[in-house]
Amino acid sequence: MPGVTAPTRRQVLSLYKQFIRNSNQFNNYNFREYFLSKTRNTFRENMNQEDPKVLVNLFKEAKNELGVLKRQSVISQMYTFDRLVVEPLQGRRN
Amino acid sequence: MFRSVCRISPRIASSAYRAIMGRPVVAKTLAQRFYSANVSKDQVSQRVVDVIKAFDKNSPNIANKQISSDTQFHKDLGLDSLDTVELLVAIEEEFDIEIPDKVADDLRSVGETVDYIASNPDAN
Amino acid sequence: MLKSTTIRSITRLSQLYNAPVTTYRACLASKRFYSPPAAGVKLDDNFSLETHTDIQAAAKAQASARASASGTTPDAVVASGSTAMSHAYQENTGFGTRPIYLDMQATTPTDPRVLDTMLKFYTGLYGNPHSNTHSYGWETNTAVENARAHVAKMINADPKEIIFTSGATESNNMVLKGVPRFYKKTKKHIITTRTEHKCVLEAARAMMKEGFEVTFLNVDDKGLVDLNELEKAIRPDTCLVSVMAVNNEIGVIQPIKEIGALCRKNKIYFHTDAAQAYGKIRMDVNEMNIDLLSISSHKIYGPKGIGAIYVRRRPRVRLEPLLSGGGQERGLRSGTLAPPLVAGFGEAARLMKKEFDSDQAHIKRLSDKLVKGLLSAEHTTLNGSPDHRYPGCINVSFAYVEGESLLMALRDIALSSGSACTSASLEPSYVLHALGKDDALAHSSIRFGIGRFSTEEEVDYVVKAVSDRVKFLRELSPLWEMVQEGIDLNSIKWSGH
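Chains as they are written, first to last, in this note's numbering: chain A, 1339 to 1432; chain B, 499 to 622; chain C, 201 to 697.
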């Protein structure tokens, strides 16, 4: 069966980058913070995962989730609301 | 009524702000033609350092560290591969560019990163 | 304005949606024809896709309407709240104006992953799930059954035991009215508690008009039901015991497992209103001997307008349906199901299970921080049992501060002084009364709700804002002055209410 080989290091890092980028694009403060920290935690939890079977599944699942993030971060930019009282108006920390 | 048009994402706001405030870049870019058309190397360097300093949410001690062009992300700043990716995303957003994965893999130090951005014609 | 990368990604969206990730597709015909993705739709650079909603105007109008309408609140008190508020706004320039949302017991924000699941049912998948003559119906029916399985899994139930309703209010009404009506020939008695949600109490009261007897159990000062008292209340003609799992105002968790065992022993049906508990505390309908359980979708980051009722099949629980009609949902709830809502609800339930541990850890951490911060001020107390509670619901009394003026002063934080249904009336909470709190303390209580999307930054802001403004308001209060001077307030005779 093709595609059963574990994802390469570069593929994983590239996926991580896309997760961070798309999470960052949420206009909604709470969703942005949530998906950023969820991305960090999930990737870090599985950092030392060696089992290729598990890695293939994680990678597949993550790709589906990335699709959701891409669509939803765009929607979040289309329907915007005032900034929260904890959000600076100029620029964004981090 | 036009509020929605005026409300722009903070990233755009900050780059628009820079454009309006006119960083003193014009004279230098004329002198160093082979660099980015928009930003000088010194400016790039300063802004990269600023982004790194602001990165302390992920790596708490980073703000106090001495940063030079020789500073290595992993060896000197203690960033692992995931941290480095995130830092590069922050830098990408600062300069409104996309660093290809192939290039990003080889960026290990502040100097290399600054060189890459300064040579990128899209950076602003 | 959307970022240029966003515009690019929008044109890529059609491709994303075409990705064959959905399971129902697999069961369709093997030959699939996709229309080619729209060839690079060009958007005018000046055209903004963003639609901005300014909620501040609405908030201000509401606040002033409430201030003038609330006859029981003296203008001076409202004014003092407003003064405290404007002080705060001056300090906080350079930041946004939208309040922090901390009212998770009223409702929760819809998770973007839930919305993503729902959107395809508002665009292409519009079939009636009960139509079994064509693929439009099969598609949505598969999605509905998937969702049902996700909802059931969270509480270790069988999917067949889940009936979709319009929400927990309907579920509670179905049980409180449907079960006694079905068994009315032999059974005449219902047991519930004083701290239930309004819809349970009102439904029980309606049954009294139909000739049933209802026992409303008291709770102790921690909000917990006494099992001995429950056992004593049980009669041979008792058909139903209804006790909520997590209280919506004080977050207290009732001893559900013990109550379940007691009911099973006495062969009485046990219903629990789990609107605030489902997905937030571990529940197992078999281990806890629960016969009926009400669920609400919008309390678990799902869409509003849908919920469910778990109805045990073995031993079978019978109930009379509220609605007559086409006999959908095992004949218990007629009417066409709404696949967008059902699918969203299912996804929300799936996520509650998947994220259970990380959500719990996150909420517990923020809750501990908030409680510690709020209680560090003097004369503040946590309402309800400190040990048996869901950490995401925190009810605190600030003595010598008028609750309504504190809420006015805290307009930059979306909070409630009790449940959403009762806070409009400005009546002190009946739940806190049941715990033995007096009017004044019940009036000065505020509920803080923490959820999946709350952040540490928000909690820090709230602790500081509440401490500052409680201090500010107390300094204006003559009562507080007397307390500081050591006058016993109970020795004073008050006129009026």
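Positions of the beta carbon are idealized from the N, C-alpha and C atoms, including for glycine.
Pair every Cβ in the region 543 to 562 of chain C with every Cβ in the region 486 to 506 of chain C, then say whether three or more of these pairs are closer than 8 Å. Remark: three or more beta-carbon pairs, one from each stretch, lie closer than 8 Å, so the region 543 to 562 of chain C and the region 486 to 506 of chain C are flagged as touching.
Taking DSSP's pairing of strands, which residues face GLY592(C) in a bridge? Answer is none; GLY592(C) lacks a bridge partner.
Is the beta carbon of GLU345(C) less than 8 Å from the beta carbon of GLY327(C)? no
Taking only beta-carbon positions, decide if ASP612(C) is within less than 8 Å of chain A. yes
Given that a residue counts as buried once 16 or more other Cβ atoms are within 10 Å of its Cβ, and exposed if not, what is ILE456(C)? buried
Is the Cβ of HIS252(C) closer than 8 Å to any Cβ of chain A? yes
Quick one, which residues of the region 1412 to 1428 of chain A are near chain C if we go by CB-CB under 8 Å, in chain order? VAL1412, ILE1413, SER1414, GLN1415, MET1416, TYR1417, THR1418, PHE1419, ASP1420, ARG1421, LEU1422, VAL1423, VAL1424, GLU1425, PRO1426, LEU1427 and GLN1428
Per-residue contacts from GLY296(C) into chain A (C-beta, under 7 Å): Against GLY296(C), the close residues of chain A are ASP1420, ARG1421, LEU1422, VAL1423, GLU1425 and LEU1427, in the order they occur along the chain (beta-carbon pairs closer than 7 Å).
Classification of TYR1417(A) by the beta-carbon crowding that lies within 10 angstroms, buried from 16 upward: exposed
Taking Cβ positions, are SER558(C) and ASN1402(A) nearer each other than 8 Å? no
Interface flag, ASP603(B) vs chain A, CB-CB below 8 Å: yes
Any idea what DSSP makes of ARG1370(A), helix, strand or coil? helix
Can you tell me which of the three DSSP states MET1416(A) falls into? helix
Ignore the nearest five residues each way along the sequence and tell me which others in TYR224(C)'s own chain have a CB closer than 7 Å to its CB. With a pLDDT of only 41 at TYR224(C), under 50, the local geometry of the prediction cannot be trusted, and the value read off the model is given with reservation. Taken in chain order, the residues that qualify are GLU339, THR342 and ALA343.
If we call anything under 8 Å between Cβ atoms a contact, is MET552(C) one with ILE500(C)? The criterion of a C-beta distance shorter than 8 Å is satisfied by MET552(C) and ILE500(C).
DSSP three-state label for VAL601(C), please. coil
Does any C-beta atom of chain A lie closer than 8 Å to the C-beta of ASP316(C)? At a cut-off of 8 Å between beta carbons, ASP316(C) contacts chain A.
THR582(B) versus ILE1358(A), PRO1345(A), ALA1344(A) and THR1343(A), residue with shortest Cα-Cα distance: ILE1358(A)
Considering only residues of the region 386 to 428 of chain C, which uninterrupted alpha helix (DSSP H) runs meet the minimum length of 4 residues and lie entirely inside it, listed in chain order? 398 to 409
Own chain residues within Cβ distance below 7 Å of ASP568(B), not counting five before or after: SER607 and GLY609
Pop quiz: VAL517(C) and ALA357(C) are said to be a contact at Cβ under 8 Å. What is the actual Cβ separation, rounded to whole angstroms? About 12 Å; that fails the 8 Å criterion.
Does the structure place the region 403 to 423 of chain C close enough to the region 627 to 639 of chain C that three or more beta carbon pairs sit under 8 Å? yes
Can you give me the C-alpha to C-alpha distance between GLU681(C) and GLU675(C), rounded to a whole angstrom? 7 Å
Inter-residue CB distance, LEU519(C) and PHE382(C) (contact presumed, cutoff 8 Å): Right, the Cβ-Cβ distance comes to about 5 Å (below 8 Å), so this counts as a contact.
Could you check the C-alpha separation between ILE650(C) and ASP303(C) for me, to the nearest Å? Each residue's Cα considered, the two are about 7 Å apart.
Does PHE321(C) come within less than 8 Å of chain A when only Cβ atoms are used? No, no contact with chain A.
Does DSSP classify ASP688(C) as helix, strand or coil? coil
With DSSP as the reference, label TYR510(C) as helix, strand or coil. strand
Looking at the unbroken beta strand (DSSP E) that takes in ARG647(C), where does it start and where does it end? For ARG647(C), the enclosing beta strand (DSSP E) starts and ends at 645 to 649.
Please report whether the beta-carbon of SER1375(A) lies at a distance below 8 Å from any beta-carbon of chain B. no
When every heavy atom of the ligand SAM is checked, does at least one fall within less than 7 Å of the C-beta of PRO1390(A)? In terms of ligand content, the structure shown is empty, and the ligand SAM therefore cannot be addressed.
Using the beta-carbon of each residue, which ones in chain C are nearer than 7 Å to GLU1399(A)? None at all; the shortest Cβ gap to chain C is about 10 Å.
Start-to-end residues for the alpha helix (DSSP H) that takes in TYR322(C): 312 to 323
With a 10 Å radius around its C-beta and 16 neighbouring C-beta atoms as the bar for buried, classify ALA665(C) as buried or exposed. buried
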